[in-house]
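Novice: Dumping the structure here so I can ask a few things about it.
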Amino acid sequence: MPEPAKSAPAPKKGSKKAVTKAQKKDGEKRKHSRKESCSMYVYKVLKQVHLDTSISSKAMGIMNSFVNDIFECIAGEASCLAHYNKRSTITSRDIQTAVCLLLHRELAKHAVSEGTKAVTKFDVSTEDQRLVASDTYDAW
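Residues in the sequence shown are numbered from 214 upward in steps of one, following the numbering used here.
See the structure below:
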């Protein structure tokens with residue numbers, strides 16, 4: 214007697230083949246996802262401080278991890294401060310207080326002064342842009 218036709222075996226539970234939602238079409242390349250990094254800014258600061266010094270890619274990766282870690286710590290602390298005061302918005306004062314809580318004396322003072330300088334510079338530039346935009350609008 215001939216045997217009945219068997220269906221394809223079901224994949225095992227621990228199968229390593231990945232199931233893709235959309236198959237790649239002929240000749241179509243995959244898009245590379247962009248990774249955010251602070252390396253460009255670290256490099257610019259390095260060149261401001263030491264013109265003749267370079268940095269290896271491994272050291273740049275460590276610096277990038279450090280910057281991301283500090284950012285997360287400050288953002289988390291500022292979030293807690295806003296939550297304690299029953300506010301849903303993190304203000305510049307929350308950031309400043311978080312920096313003072315997380316960093317040691319002299320480092321915190323320096324960070325606060327640099328941050329204040331950056332915010333002032335930003336405010337001046339946005340005010341200048343608003344004035345230029347209103348002058349352009351008045352000319353119409």
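By construction, the Cβ of each residue, glycine as well, lies at the ideal position given by its N, Cα and C atoms.
1. Taking a contact to mean a Cβ-Cβ separation below 7 Å, would you say L314 touches E290 in this structure?
2. I need the boundaries of the alpha helix (DSSP H) containing D307, first residue and last residue.
3. Ends of the alpha helix (DSSP H) at L259?
4. How about L316 and D307: do their beta carbons lie closer than 7 Å?
5. Go through its chain and collect everything with a Cβ distance to S250's Cβ below 8 Å, but skip five positions before and after it.
6. Looking at A324: is its Cβ nearer than 7 Å to the Cβ of V312?
7. If we cut at 7 Å on Cβ distances, does S267 have a partner in chain D?
8. Is I275 buried or exposed, if buried means 16 or more other CB atoms sit within 10 Å of its CB?
9. Quick check on DSSP: helix, strand or coil for S246?
10. Quick one, which of I268, E340, S326 has its alpha-carbon nearest Y254's?
11. Per DSSP, what kind of secondary structure is E327 in: helix, strand or coil?
12. Give the secondary structure of K322 by DSSP, where H, G and I count as helix, E and B as strand, and everything else as coil.
13. Is DSSP giving T339 helix, strand or coil here?
Specialist: Well, looking at it:
1. yes
2. 305 to 315
3. Per DSSP, L259 belongs to the alpha helix (DSSP H) from 252 to 262.
4. Here L316 is not near D307, since their CB atoms are 7 Å or more apart.
5. N277
6. Yes, they are a contact pair.
7. No chain D appears in this structure, which consists of one protein chain only.
8. exposed
9. coil
10. I268
11. helix
12. helix
13. helix
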